[in-house]
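In this note's numbering, the protein residues as written are 90 to 289.
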Ligand SMILES: [Zn+2]
C-alpha cells in the first residue's frame with residue numbers, strides 16, 4: 090500500500106477506537122497513529138524516512154560527542170543535570186532508543202523486521218517506557234494496521250522475523266485499485282468519525 094493509504098487507515102482505526110475528547114488528545118492520537126503507520130517503511134532503501142533517520146543518527150552521535158567533550162573540558166555533567174528532571178530524562182532515553190531502533194530497522198531488508206510481530210512488540214515496548222498507555226495502544230494498532238495492509242500485497246512480509254519465510258494474501262498491488270479504494274474510503278470515514286467525535 091502507499092504511505093497515504095497506511096496513514097488514512099491507521100488514523101481511522103485509532104480515532105474510532107480511542108475517540109479523543111479534546112483537541113490536544115486528537116492531535117496526539119493523529120500524530121502517534123501517523124508515526125505508527127509510517128515507521129514500518131523506514132526499511133525502504135530509497136525512502137525519505139531513511140534519509141531522515143540517517144540525519145537523526147548523525148545528530149544524535151554529534152550530541153553525544155559534544156556532551157562528552159563538555160563534560161571533559163568544562164566539568165559539566167549534562168546527564169546528571171538532565172537526570173534532575175526525571176520526566177524529561179525518561180522521555181529523552183525513550184525517544185533516543187526509539188530513534189536508534191528505527192535507524193537499525195531502516196538497515197534491515199524491506200518488509201522484514203519492521204513488518205514482523207517482533208518489530209511491532211519491540212517498538213511498542215520501547216514507547217511504554219515513558220509514554221502513556223493510550224499513546225502506546227495508538228502506536229501499536231497503527232503499526233499493526235500497516236502490517237495487516239501489507240499482508241494483502243502480492244509481495245510477502247516476514248511476519249515471523251527472524252524466520253525468513255514470507256506471508257502474503259496476494260490480493261492486490263501496492264498502487265492498484267484496492268489501494269485506491271482503501272484510501273478514498275478510509276479518508277471519507279475519517280471525516281465522518283471526526284464529525285461524530287466533535288458533536289459528541
Ligand atoms: Zn510496508
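All C-beta atoms in this analysis are idealised placements derived from N, C-alpha and C, irrespective of residue type, glycine included. Computed from a predicted structure; not experimentally measured.
The beta carbon of residue 200 sits closer than 7 Å to at least one heavy atom of ligand 1. Any heavy atom of ligand 1 counts here; residues with a Cβ closer than 5 Å to one of them, in chain order, are 129, 130, 239.
Counting along the chain, residue 100 sits inside the alpha helix (DSSP H) bounded by residues 92-107.
In this structure, the beta-carbon distance from residue 105 to residue 227 does not fall below 8 Å. Here residue 256 carries a strand assignment [DSSP, helix/strand/coil]. Between the alpha carbons of residue 146 and residue 192 lies a gap of roughly 7 Å. Looking only at 256, 166, 155, 203, the smallest Cα-Cα distance to residue 231 is reached by 203.
In the three-state reduction of the DSSP assignment, residue 279 falls in the helix class, which pools H, G and I.
Under the DSSP assignment, residue 118 falls in the alpha helix (DSSP H) whose first and last residues are 112-127.
Under the DSSP assignment, residue 225 falls in the alpha helix (DSSP H) whose first and last residues are 222-240. Burial check for residue 219: the Cβ neighbour count within 10 Å reaches 16 or more, so the residue is buried. Between residue 100 and residue 119, the C-beta spacing is below 8 Å.
Counting every other CB atom within 10 Å of its CB across the protein chains shown gives residue 250 a total of 16 or more, marking it as buried.
The criterion of a C-beta distance shorter than 8 Å is satisfied by residue 215 and residue 183.
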